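In what follows, a structure is listed as structure tokens, so that the remarks can point back to it.
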Amino acid sequence: DSGVTQTPKHLITATGQRVTLRCSPRSGDLSVYWYQQSLDQGLQFLIHYYNGEERAKGNILERFSAQQFPDLHSELNLSSLELGDSALYFCASSVATNPLETQYFGPGTRLLVL
Amino acid sequence: DQQVKQNSPSLSVQEGRISILNCDYTNSMFDYFLWYKKYPAEGPTFLISISSIKDKNEDGRFTVFLNKSAKHLSLHIVPSQPGDSAVYFCAASAWGNQFYFGTGTSLTVIP
């Protein structure tokens, strides 16, 4: 158990809908990273938050947004969903802001868009 | 464009033998590399890292080798154990920026 929790574990929705994925980092960790793993793809970095502030953006679509709240949990919002958004979404947390610090991954949320 | 590639989707090895997982990258600016291990229904867990100033890093049964001129790194597991059966991802970063991940190699260690 990494100490990172993600909810829900599974999510099935329809095209055009909007969903919110939630991540609670390990106790004491200030950084949260979001990744997307599509079928036959490696993990794609989406976005990094540190202590409530956005620090870096990767291949995140404009239809996607994220935020980190004062209690350090983070939410990833996916809107106008398309079939291609079906993927496994991971969040990871680390103590500091440096991406080279060991990142601890949650178990992921599996999203299926029908 | 996939900057980090793991060209072998799967690998099977007998228990006790060596497992060698390979990873190639295209960006010569990458200077830090990681291997992660992932079991089904769990997130990846950090296994071992190497920076570009070294060509080898060892941690118990796991050794990572880096060949910068070939833009290639490999993970050796000796001896392989059934509990090592998992998907292994390599990842690379340049100057402490975001990590780029390979697509993973599924290792099966046969008892």
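For the protein sequence lines, the chains are P and Y, in the order given.
In case it helps, our numbering puts the first sequence at residues 1 to 114.
In case it helps, our numbering puts the second sequence at residues 1001 to 1111.
The C-beta atom is built at its ideal place from N, Cα and C for all residues, glycine as well.
Please read all numbers here as calculations on a predicted model, not as lab measurements.
Which whole-angstrom value describes the C-beta separation of residue i and residue j, a residue pair presumed to lie in contact below a C-beta threshold of 8 angstroms?
i, j, result
"Leu1066 (chain Y)", "Ile1077 (chain Y)", "With a Cβ gap of about 16 angstroms, Leu1066 (chain Y) and Ile1077 (chain Y) do not count as contacting."
"Gly1096 (chain Y)", "Leu100 (chain P)", "5 angstroms"
"Ser1019 (chain Y)", "Ser1080 (chain Y)", "5 angstroms"
"Cys91 (chain P)", "Ser74 (chain P)", "6 angstroms"
"Tyr35 (chain P)", "Gln44 (chain P)", "6 angstroms"
So residue i contacts chain Y; which residues on that side make the cut at Cβ distance below 9 angstroms?
i, result
"Asn98 (chain P)", "Gly1096"
"Ala66 (chain P)", "Within chain Y, no residue comes near Ala66 (chain P); the closest Cβ sits about 14 angstroms away, beyond 9 angstroms."
Can you say whether residue i is buried or exposed, counting buried as having 16 or more other CB atoms within 10 angstroms of its CB?
i, result
"Leu83 (chain P)", "exposed"
"Pro1044 (chain Y)", "buried"
"His10 (chain P)", "exposed"
"Ser31 (chain P)", "buried"
"Thr15 (chain P)", "exposed"
"Asp29 (chain P)", "buried"
"Gln17 (chain P)", "exposed"
"Gln1014 (chain Y)", "exposed"
"Gly108 (chain P)", "buried"
"Asp127 (chain P)", "Here chain P comprises residues numbered 1 to 114, so residue 127 (chain P) is not present and cannot be evaluated."
"Leu21 (chain P)", "buried"
"Val93 (chain P)", "The amino acid at residue 93 (chain P) is misidentified as Val; the sequence shows Ser. That one is buried."
"Gly1083 (chain Y)", "exposed"
Could you check the C-alpha separation between residue i and residue j for me, to the nearest Å?
i, j, result
"Asp1031 (chain Y)", "Ala1091 (chain Y)", "11 angstroms"
"Leu1107 (chain Y)", "Ser79 (chain P)", "36 angstroms"
"Thr7 (chain P)", "Arg1061 (chain Y)", "34 angstroms"
"Thr13 (chain P)", "Leu114 (chain P)", "6 angstroms"
"Phe105 (chain P)", "Trp1035 (chain Y)", "13 angstroms"
"Tyr49 (chain P)", "Arg55 (chain P)", "5 angstroms"
"Ile1053 (chain Y)", "Lys1068 (chain Y)", "10 angstroms"
"Ile1048 (chain Y)", "Thr1063 (chain Y)", "8 angstroms"
"Tyr1088 (chain Y)", "Lys1038 (chain Y)", "6 angstroms"
"Gln68 (chain P)", "Gly1016 (chain Y)", "45 angstroms"
"Leu112 (chain P)", "Asp1059 (chain Y)", "38 angstroms"
"Leu72 (chain P)", "Leu1021 (chain Y)", "36 angstroms"
"Asp40 (chain P)", "Ala96 (chain P)", "31 angstroms"
"Lys1056 (chain Y)", "Tyr89 (chain P)", "32 angstroms"
"Ser1085 (chain Y)", "Gln1002 (chain Y)", "25 angstroms"
I want to see whether chain B comes within less than 8 angstroms of residue i, judged by CB atoms only; does it?
i, result
"Pro25 (chain P)", "In the structure shown, chain B cannot be found, because the protein chains are P and Y."
Using a C-beta to C-beta distance shorter than 7 angstroms, which residues of chain P count as neighbours of residue i?
i, result
"Glu1042 (chain Y)", "Pro107"
Which bits of chain P does residue i rub up against, with CB to CB less than 8 angstroms?
i, result
"Ser1093 (chain Y)", "Pro99 and Leu100"
"Tyr1032 (chain Y)", "Leu100"
"Gly1102 (chain Y)", "Gly42"
Closer than 8 angstroms by beta-carbon distance: list the chain Y residues that pair up with residue i, in chain order.
i, result
"Pro90 (chain P)", "Sequence check: residue 90 (chain P) is Phe here, not Pro. Those within 8 angstroms of Phe90 (chain P) in chain Y are Gly1043 and Pro1044."
"Gly58 (chain P)", "Gln1098"
"Ser74 (chain P)", "Residues of chain Y passing the Cβ test: none, with the nearest at roughly 15 angstroms."
Starting from the beta carbon of residue i, find every residue of chain P whose beta carbon is closer than 9 angstroms, and list them in chain order.
i, result
"Val1004 (chain Y)", "Gly42"
"Phe1089 (chain Y)", "Gly42 and Leu43"
Touching by the beta-carbon criterion (3+ pairs, under 8 angstroms), the stretch 1025-1034 of chain Y and the stretch 1088-1107 of chain Y: At 8 angstroms Cβ cutoff, the stretches touch.
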